Structures are given as structure tokens and as C-alpha cells.
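Down below is the structure, laid out as C-alpha cells.
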Amino acid sequence: MLAGLASCASAASAAIPRPARAQALPTIRIAYQPYQYSAQVLYAQEMGFFSKAGINAELQPIALGSALAGAVAANAVDIGIATIATLALAHSKGIPFVLVAPAAEYRSRDKPKAYFVVGNQTSIHEAKDLNGKTIGAPGLATMGEYGVRAWVDAHGGDASTLKFVELPFSQMPSAFASGRIDAASIGEPFLTPTLKVAHPLTTAMEAVLGSDYLITAWFAMAPWAAAHADLVARFQAAVGAASAWAPANPGKCIEILARTFQQDPASISPDLLASFPQRMTPASVEPEIAVTARYAKFPPFPPQDLIYTPPR
Numbered sequence: 178m179l180a181g182l183a184s185c186a187s188a189a190s191a192a193i194p195r196p197a198r199a200q201a202l203p204t205i206r207i208a209y210q211p212y213q214y215s216a217q218v219l220y221a222q223e224m225g226f227f228s229k230a231g232i233n234a235e236l237q238p239i240a241l242g243s244a245l246a247g248a249v250a251a252n253a254v255d256i257g258i259a260t261i262a263t264l265a266l267a268h269s270k271g272i273p274f275v276l277v278a279p280a281a282e283y284r285s286r287d288k289p290k291a292y293f294v295v296g297n298q299t300s301i302h303e304a305k306d307l308n309g310k311t312i313g314a315p316g317l318a319t320m321g322e323y324g325v326r327a328w329v330d331a332h333g334g335d336a337s338t339l340k341f342v343e344l345p346f347s348q349m350p351s352a353f354a355s356g357r358i359d360a361a362s363i364g365e366p367f368l369t370p371t372l373k374v375a376h377p378l379t380t381a382m383e384a385v386l387g388s389d390y391l392i393t394a395w396f397a398m399a400p401w402a403a404a405h406a407d408l409v410a411r412f413q414a415a416v417g418a419a420s421a422w423a424p425a426n427p428g429k430c431i432e433i434l435a436r437t438f439q440q441d442p443a444s445i446s447p448d449l450l451a452s453f454p455q456r457m458t459p460a461s462v463e464p465e466i467a468v469t470a471r472y473a474k475f476p477p478f479p480p481q482d483l484i485y486t487p488p489r
């Protein structure tokens, strides 16, 4: 994914629209992927948490992880979202991304919020049946790839035979229906329509990532974060408020997701809404760094190296 970062960055910089800026508040340009792991910024915008934190948020949807990372690297946007795997790989290549706030988390005590599903037209029943198959992922060199590889290897398959296709979540139901992909990890708001043409193979990646870990995080370029510590703190306050608000308001969350992603609210299950932690710890980040280092073949590094530290 990162090999084409420069070209993606250039394209993203040219393609992203520039809404009119609010006069009274400083602006943060935020890129999100159109799936519910990005929902904090949608909730924060809808419920006024950004304005209460003293910032004007310009939200930009970018479907694919490579283009989103490129937009942040090119300073076309200030903050974006990515899996820890994406950010760990960038760090290993010297790209100065830093995690500024937690996004979605996985907790074993909760009902699974995402599933690794296989197409109904396939004969896949266990990991070894995936050998040679095509897997859909919202970004290459992300947990959509490395997590799947690790799970397949841990359960008797051969991850080196897998083929990955970068595909937005919104296109996965049709990709399953047409036979373009055989499997994918997917959650709401696109899980319910996907389950019409696919079925779960497993519910989580606990075998390779453990029982509690951070799935995605909001990130920025380290020089931008260092130069805008006040804006980072305001962003953290806004998404933190959204994270605290969401569990008590599932109906409103579904309304926002359905409107944003143009889906029927009845198709989004309240039991499958993502949860967002209030804080980010090195222990919650380390599992994905370790798995990514294994498959991307770079030396593991301390998770603290990736987490933003505000200036004192």
C-alpha cells in the first residue's frame, strides 16, 4: 500500500474538495473511511462536539486506506483514520505518522462487531480451504490483510497462497455475489447486506491479536501534530465526547450511519455498533504492531514510538 503513497497523495490532494471555512473557529481537515469504525467524527459533527471543543471540522470521506494515508502524508488533510497495521508499516519506512486518538476497539467480553465471512457460493469451511482464495480488504497492508494472514496460518492454512483485492466495504456485497472475492472481514453498516450473500467463518482474530486491542486510530503527521498541539487536544476532546455519548444513544447512532451511508436504518443492528475507548495505551497498540512486523518483515518497535505525546 505504501509503495504508491506519493502518487496517491498527489491525487488525493487534487481531488479533495475545499469547503468554505468557518470564520470564528480554527479548522481541522479530517479524512474518514466510510464505515462505522470512523463513526466518532460523524457523531461529533452531528452532536456539536467539535464546535463545543472550539474547532470547525471539515470531514472528507476517502474509501481506500492507501488514498487516505496519502492525503495525510501530502497535507491534503490534517487527521485521518487507519488500522494500527498501516501506521506501524509506515513507521517502519520512516513516514512520521503518529496516533493522536483511539478509534474502534475489540473487546472479547462484547458481542463481536465484525466477522470474517466467506461467500455462500464457496465451499470454505476452515482455514485450509482458503488456500489460493481471493480476499477483499479495504486497504492492502492493513489488518484486513495481515490479520487474515495470521488467522489462516494459526489455523492450519497457508497465508502465502492468499490473494488480496483492495475494495471499499460498500462494494463487498456485490463482489461476493459476483464471485469476485471469496472472503473478507467486514462490520456494520455493511455487514447486514453482506450476510445475504455470505456467512461468517469466524468472529474475531483473538488467536493472533489477543482478547483486547485497538483496531483503528486517528493519526496525523508528527510535524503537524507538534505544531498544532492545541488543535490535537481539541480533536481528542471532541472524539472523546463522541465515544462517551455513543453507547447511550444507539438509535441516534444508527440514524446518523444510515443517513451518511445511504442505508436502511433497519439493516443496521444496534448490537453490532462499534465501541470506542476513551484512552489509548501501549498495550492496546502492541498486538497489531507485532503481527504487522511478522508479515511485513520489519523489526518490531515499542508502541510508544507510534503514539503522540503532547509537548510539555
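Residue numbers (this note's numbering): 178 to 489. We treat Cβ as the ideally placed atom computed from N, Cα and C, and that holds for glycine. Only a predicted model underlies this, so the values are computations on that prediction, with no experimental measurement involved.
In the DSSP assignment, the beta strand (DSSP E) including residue i goes from what residue to what residue?
i    : result
E461 : The amino acid at residue 461 is misidentified as Glu; the sequence shows Ser. Per DSSP, S461 belongs to no beta strand (DSSP E); it is in the alpha helix (DSSP H), 459-473.
I256 : Unbroken run through I256: none, as it is neither H nor E.
A208 : 204-209
S478 : Correcting the residue type first, residue 478 is Phe in the shown sequence and not Ser. Run containing F478: none; DSSP gives neither H nor E here.
P238 : 233-238
What are the boundary residues of the alpha helix (DSSP H) that residue i is part of?
i    : result
Q222 : 216-223
K229 : 226-229
Q455 : Element bounds for Q455: n/a, residue is neither H nor E.
L408 : 406-422
A318 : It is not in any alpha helix (DSSP H) - A318 carries neither H nor E in the DSSP assignment.
F353 : 349-355
Which residue's Cα is closest to the Cα of residue i: the options?
i    : options                : result
S362 : H405, T380, L266, A414 : T380
V329 : Y472, Q481, P476, T486 : Y472
S351 : A375, T338, T319, D335 : A375
L307 : Q298, T338, Y292, N297 : T338
S446 : V416, P476, P370       : P370
E353 : Q210, A397, I239, I312 : For the record, residue 353 in the displayed sequence is Phe; it is not Glu. Minimum Cα distance to F353 is reached at I312.
G247 : Q481, L264, T437       : L264
A251 : A262, P273, V294       : P273
E223 : A460, L434, S355       : L434
F412 : N426, A397, G271       : A397
Q213 : L202, I392, V277, S461 : I392
A467 : Y390, R436, Q439, P488 : Y390
S452 : L202, L245, A216       : A216
G242 : A327, A201, F346, G333 : F346
M349 : K305, A443, L372       : L372
Taking only three categories from DSSP, how would you classify residue i?
i    : result
Q439 : coil
D389 : strand
R198 : Per-residue confidence for R198 stands at a pLDDT of 44, beneath the threshold of 50, marking its modelled position as unreliable; the derived number appears in the next sentence. R198 falls in the coil class under three-state DSSP.
E303 : coil
L264 : helix
T369 : helix
P487 : coil
P447 : helix
A246 : helix
L241 : coil
I433 : helix
A251 : coil
P345 : coil
G334 : coil
Roughly how many angstroms lie between the CA atoms of residue i and residue j, to the nearest whole one?
i    : j    : result
R357 : W401 : 40 Å
W395 : G309 : 33 Å
Y283 : S388 : 7 Å
G225 : N233 : 10 Å
L450 : K474 : 33 Å
L344 : A314 : 6 Å
A208 : I256 : 6 Å
D335 : T486 : 39 Å
L408 : V416 : 12 Å
G428 : P479 : 39 Å
I261 : S300 : 32 Å
S228 : V218 : 12 Å
Y292 : A406 : 37 Å
D541 : P488 : Any property of residue 541 remains undetermined from this structure, which presents the chain solely from 178 to 489.
A423 : P464 : 26 Å
G316 : A244 : 9 Å
Q481 : P279 : 14 Å
R206 : P366 : 24 Å
S420 : A281 : 9 Å
According to DSSP, which residues form a beta bridge with residue i?
i    : result
M398 : F274
Y283 : Y390
T311 : K340
A291 : G364
A375 : G296
Under 7 Å: does the beta carbon of residue i sit that close to some heavy atom of the ligand ADP?
i    : result
V385 : Because no ligand of any kind appears in the structure shown, any question about the ligand ADP cannot be addressed here.
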